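Here the structure comes first, spelled out in structure tokens, and everything after it is commentary.
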Amino acid sequence: MKYEYLDHTADLKIRAYGNTLEEAFVNTAVGGFDFLTDTKKVKKKIEKKLELKANRLESLLYDFLEQLLFLLDTEGYILAEIKDLKITEEKTSESSKAKPLSAKDKSLSNSSKMNISEDKNNKKFSLQCIVLGDNYENYEVKGNIKSVTYSEMSIKKDKGNYVIEVVLDI
53 MKYEYLDHTA DLKIRAYGNT LEEAFVNTAV GGFDFLTDTK KVKKKIEKKL
103 ELKANRLESL LYDFLEQLLF LLDTEGYILA EIKDLKITEE KTSESSKAKP
153 LSAKDKSLSN SSKMNISEDK NNKKFSLQCI VLGDNYENYE VKGNIKSVTY
203 SEMSIKKDKG NYVIEVVLDI
């Protein structure tokens, strides 16, 4: 199973799976668009390249899904397939990393000196992919997705596989 719909009061909650993070991202997007129409029936007439960057994986997922919804809303673009999705992680430049506070800093007593170590916020994630699809007017569309939400969003690695949960406002 690539994804499943979970019970949610008023919105669409998707749990998507993947052997890789990239596969889980793809399955999340397909789960959202399969709610609208059968993506297997959508012709691959229009190709678009997406490139996104974010400081957190959750933000990257949000931006990725939001970009697909933007294409749907502004161009009538409905997803058929996502190809060559690649997520990379890079450290930010040395100048933007948190640095330890100086021992000469008079505003800190000995008991309050801190050393801020590098954490997840000093990383940048990027996503590149090619999406294939067509104009939605050629297909039966069953509903509408208004937006992506951060509510209940999670990206986890469980027993070597990735599991993503996301709620879409419908």
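Here the sequence shown is numbered in my numbering, starting from 53 and rising by one per residue. Beta carbons: idealized from backbone N, C-alpha and C, even for Gly. Please read all numbers here as calculations on a predicted model, not as lab measurements.
Strand pairing of residue i, partner residues [DSSP]
i: ARG67; result: GLU56 and GLU217
i: LYS100; result: VAL183
i: PHE177; result: ALA106 and GLU141
i: LEU51; result: Outside the displayed span of the chain (53 to 222) sits residue 51, for which this structure offers no information.
i: LYS95; result: LYS95 is not bridged to any residue.
For residue j and residue i, the rounded distance between their alpha carbons
i: GLU74; j: LYS138; result: 6 Å
i: SER169; j: LYS175; result: Caution is warranted here: a pLDDT of 31 is assigned to SER169, below 50, making its placement in the model unreliable, and no coordinate value can be reported.
i: ASN71; j: SER206; result: 16 Å
i: LYS65; j: ASP186; result: 25 Å
i: LEU120; j: ASP59; result: 23 Å
i: LEU112; j: ASP90; result: 25 Å
i: TYR114; j: ASP221; result: 12 Å
i: ASN79; j: ARG67; result: 9 Å
i: THR144; j: GLU127; result: 34 Å
i: ALA106; j: VAL193; result: 31 Å
i: PHE177; j: THR61; result: 32 Å
i: ASP125; j: GLU142; result: 32 Å
Within-8 Å CB hit, residue i to chain D
i: LYS93; result: This model lacks chain D altogether; it includes just one protein chain.
C-beta contact flag for residue i and residue j at 8 Å
i: GLY195; j: PHE87; result: yes
i: LYS95; j: GLU133; result: no
i: ILE20; j: TYR57; result: The requested residue 20 does not occur in the structure, where the chain is confined to residues 53 to 222.
i: VAL219; j: ASP63; result: yes
Candidates the options: closest to residue i by CA position
i: LYS54; options: GLU189, VAL215, HIS60 and ASN187; result: VAL215
i: LYS209; options: THR61, HIS60 and ALA76; result: ALA76
i: LYS93; options: LEU113, GLU204 and TYR188; result: TYR188
i: PHE85; options: GLU110, LEU117, GLY212 and GLU142; result: LEU117
i: LEU179; options: ARG108, THR140 and ASP125; result: THR140
i: GLY83; options: LEU104, ILE197 and LYS211; result: ILE197
Cβ shell of residue i (< 6 Å), same chain only, five flanking positions each side left out
i: LEU184; result: LYS96, GLU99, ALA132 and GLU133
Cut-off 7 Å between Cβ atoms - residues of its own chain near residue i, not counting five sequence neighbours on either side
i: ASP136; result: CYS181 and ILE182
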